[in-house]
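Down below is the structure, laid out as structure tokens.
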Amino acid sequence: MSLVLGKDKPTARYEQVKAYITERIESGEWGIGHRLPSESELVELLSVSRMTVHRALRELTSEGVVTRAQGVGTFVAEPAQRVELLELRDIADDIVSNGHIHTTKIISLDVIRADSDLATAFGQRPGARLFHSIIVHFEDDTPLQVEERFVSPHFAPDYMEQDFSATHPHRHLSSIARPEEIEHVVFAVTPSVDICTLLDLDEPEACLQLMRRTWVDGRVVMKGVFTYSGSRYSFVGRYRP
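Quick note: to get our numbering, add 19 to the position in the sequence shown (first position is 1).
Here it is in structure tokens:
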């Protein structure tokens with residue numbers, strides 16, 4: 020017997036599949052380590068396509084909600100520790116407020132076509148147009164951050180026309196509309212050769228990488244990847260509970 024999801028609901032079908040799974044996890048019906056029904060079982064149970072189920076599971080895996088073992092199955096993941104970054108800050112303001120000089124170097128500013136990962140991040144189809152920029156931010160003469168942004172042309176149609184040596188993407192995007200929702204995820208990464216070069220690292224060292232997505236009017240309008248030398252920068256969050 021199948022459980023048909025609501026076809027009259029505006030939410031995308033894969034989002035409904037994600038909600039079906041997360042509701043059972045959050046209620047405790049499916050605990051940590053619980054093996055989820057197989058893709059075929061979910062297809063039959065929810066009366067959706069295999070592609071819909073596959074996308075839902077792929078996104079839940081990337082969000083850390085479930086883990087997948089090839090040939091074994093999909094399991095409820097143990098929640099990872101996450102530190103919330105409470106403020107959306109401009110690195111230029113941080114550098115100047117600390118008494119240093121902020122400068123930038125524009126590495127690239129171009130139009131790209133979204134691959135499958137970017138399409139998923141923006142909720143668009145693969146091949147959708149996105150604006151793309153890579154900028155290095157300097158504190159005095161020291162490169163402090165490599166900023167890579169992907170921006171929706173629908174949100175910022177004049178993004179490519181900006182002089183980011185005079186203003187920077189954060190300020191330009193904030194002048195259009197303040198985000199209604201922000202997602203921050205921080206990783207420790209081993210930098211690529213290109214990142215080592217841009218950050219002027221003599222030898223590879225652990226770097227901090229902040230991934231950010233912002234929403235306006237319920238749509239993702241920007242995805243940013245910000246990479247810092249671990250020895251030059253740290254994140255601090257402070258709040259009153």
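Just so you know, even glycine gets a beta-carbon here, dropped at the ideal spot from N, CA and C.
> Under three-state DSSP, which class holds His121?
Replying inline: For the purposes of this step, residue 121 is taken as residue 102 along the sequence shown, with counting starting at 1. Here His121 sits in strand by DSSP.
> Near Ile201, what residues of its chain come up, given a Cβ to Cβ distance below 8 Å and the 5 sequence neighbours on each side ignored?
Replying inline: The residue given as residue 201 occupies position 182 in the sequence shown. Same-chain partners within the cutoff: Leu107, Arg231, Arg232, Thr233, Trp234.
> Relative to the alpha-carbon of Asp182, which residue among Pro176, His191, Thr216 has its alpha-carbon at the smallest distance?
Replying inline: For the purposes of this step, residue 182 is identified with residue 163 of the sequence shown, where counting begins at 1. Measuring from the Cα of Asp182, the nearest candidate turns out to be His191.
>> Could you tell me the alpha carbon to alpha carbon distance between Gly243 and Val208, rounded to whole angstroms?
In response: Within the sequence shown, the letter at position 224 stands for residue 243. Within the sequence shown, the letter at position 189 stands for residue 208. Distance between the alpha carbons of Gly243 and Val208 is about 16 Å.
>> Which same chain residues end up closer than 7 Å to Tyr247 when comparing Cβ atoms and leaving out the 5 residues on each side of it in sequence?
In response: For the purposes of this step, residue 247 is taken as residue 228 along the sequence shown, with counting starting at 1. Hits under 7 Å: Leu163, Gln164, Cys226, Leu227.
> What are the start and end residues of the beta strand (DSSP E) that includes Pro162?
Replying inline: In the sequence shown, counting from the first residue as 1, residue 162 sits at position 143. For Pro162, the enclosing beta strand (DSSP E) has its first and last residue at 161-170.
> By how many angstroms is the C-alpha of Glu166 removed from the C-alpha of Asp159?
Replying inline: Here residue 159 refers to the residue found at position 140 of the sequence shown. Here residue 166 refers to the residue found at position 147 of the sequence shown. Their backbone Cα atoms lie some 17 Å apart in a straight line.
> With C-beta atoms as the reference, is His203 less than 8 Å away from Leu229?
Replying inline: Translated into the one-based positions of the sequence shown, residue 203 becomes position 184. Translated into the one-based positions of the sequence shown, residue 229 becomes position 210. Yes, they are a contact pair.
>> Per the DSSP calculation, Ala207 is bridged to which residue(s)?
In response: The sequence position of residue 207 within the sequence shown is 188, counting from 1. Ala207 has Leu227 as its beta-bridge partners, per DSSP.
> Fully enclosed by the segment 49-99, which beta strand (DSSP E) runs are 3 residues long or longer?
Replying inline: Within the segment 49-99, the complete beta strand (DSSP E) runs of at least 3 residues are 85-88, 92-95.
> If we count the other Cβ atoms within 10 Å of its Cβ and call it buried at 16 or more, is Arg54 buried or exposed?
Replying inline: In the sequence shown, the residue the question calls residue 54 occupies position 35. Exposed.
> What residue range is occupied by the uninterrupted alpha helix (DSSP H) comprising Leu217?
Replying inline: One-based indexing of the sequence shown puts residue 217 at position 198. Element bounds for Leu217: 212-217.
> Sorted by chain position, which residues of the same chain lie with C-beta nearer than 8 Å to Pro56's C-beta, five sequence neighbours on each side aside?
Replying inline: Start at 1 with the first residue of the sequence shown, and residue 56 comes out as number 37. Excluding sequence neighbours, Pro56 sits near Leu64.
> Identify the residues that DSSP records as bridge partners of Glu200: which are they?
Replying inline: Stepping through the sequence shown from its first residue, residue 200 is reached at position 181. Partner residues in the beta bridge of Glu200, as assigned by DSSP, are Trp234.
> Is Phe183 helix, strand or coil by DSSP?
Replying inline: Stepping through the sequence shown from its first residue, residue 183 is reached at position 164. Residue state, collapsed to three classes: coil.
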